[in-house]
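Trainee: Supplied in structure tokens, the structure appears directly below.
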Amino acid sequence: MFNVATEVCPKCVLLGEQRTVALTLGKATQRSWPGKLLTVSLLTYPMLRTLSLQLHSAVTGSYVSGTYSIVFVNCPNEHIARDIARTILDKKLAASVNILPKASSLYFWNGEIEEATEIMLLIKTKTSKVHMLSSYVRSVHPFEIPEVFSLPMDQGDVRYLKWLKESMEEH
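Residue numbering for the sequence shown follows our numbering, starting at 107 and increasing by one per position.
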């Protein structure tokens, strides 16, 4: 049987005053050294996994899932969509933008169901640039709350992913 104990660990240098979760067998009364090791392992696993994937990618030349993202942005018309897309490319915030014509959108706004025809941008970029790209779109977009969200790319053609990387490099 597993018990979950939550406590503050002021002695742990790596964790500081953060809340930690330890899994122990039987009754959890006091955390032992193996319990602390398990806690540290569980909390550092995402960071260690990311570092190991990056090291593996550097050595083998393979793609690390999530390095690139697709950002979705809806625009009210094609003129605004083209202006945003061109500037995103000029600023090297993305390698490619697809402009998809006339998407029918239904959504809630101020408690009412609204309907509109919008132009969707599919923007391919580095995940590390999504925040800058989103900030730029919010600053120029005519909507009060522009639809801007991203999904990480899990897999892709090796040559295409290499092209994405090269296209966003500053020369």
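From the three backbone atoms N, C-alpha and C, an ideal C-beta is built for every residue, glycine too.
1. Quick check: V177 and T231, are their CB atoms within less than 8 Å of each other?
2. Would DSSP call K268 helix, strand or coil?
3. Could you give the first and the last residue of the continuous beta strand (DSSP E) run that contains V203?
4. On the DSSP bridge assignment, give the partners of N180 in chain order.
5. Of all the options A187, V170 and C181, which has the alpha carbon lying nearest to the alpha carbon of E250?
6. Is I229 near V170, with beta carbons less than 8 Å apart?
7. By how many angstroms is the C-alpha of K235 removed from the C-alpha of E276?
8. How long is the line joining the alpha carbons of Q261 and K208, rounded to whole angstroms?
9. Locate the alpha helix (DSSP H) running through L257, then write down its first and last residues.
10. According to the neighbour-count rule (16 or more other Cβ atoms, all chains shown, within 10 Å of its Cβ), is S175 buried or exposed?
11. Any idea what DSSP makes of I219, helix, strand or coil?
Mentor: Checking against the coordinates, here is how it stands:
1. Taking the first residue of the sequence shown as 1, we reach residue 177 at position 71. Taking the first residue of the sequence shown as 1, we reach residue 231 at position 125. Yes, the Cβ-Cβ distance between V177 and T231 is below 8 Å.
2. Taking the first residue of the sequence shown as 1, we reach residue 268 at position 162. The answer is helix: DSSP assigns K268 an H, G or I state.
3. For the purposes of this step, residue 203 is taken as the residue at position 97 of the sequence shown. From DSSP, the beta strand (DSSP E) with V203 extends over S202 to W215.
4. Position 74 of the sequence shown holds residue 180. According to DSSP, which records beta bridges pairwise, N180 is partnered with M226.
5. Along the sequence shown, one-based indexing puts residue 250 at 144. Comparing Cα positions, the closest option is C181.
6. Within the sequence shown, the letter at position 123 stands for residue 229. Within the sequence shown, the letter at position 64 stands for residue 170. V170 is positioned such that its CB atom lies no closer than 8 Å to that of I229.
7. In the sequence shown, residue 276 corresponds to position 170, counting from 1. In the sequence shown, residue 235 corresponds to position 129, counting from 1. Roughly 13 Å between the two C-alpha positions.
8. Walking along the sequence shown from the start, residue 261 turns up at place 155. Walking along the sequence shown from the start, residue 208 turns up at place 102. So the alpha carbons of these two residues sit roughly 28 Å apart.
9. In the sequence shown, counting from the first residue as 1, residue 257 sits at position 151. Where L257 is concerned, there is no enclosing alpha helix (DSSP H), although the beta strand (DSSP E) it sits in stretches over V254 to P258.
10. In the sequence shown, the residue the question calls residue 175 occupies position 69. With 16 or more Cβ atoms within 10 Å of its Cβ, S175 is classed as buried.
11. Here residue 219 refers to the residue found at position 113 when the sequence shown is read from its first residue. The answer is strand: DSSP assigns I219 an E or B state.
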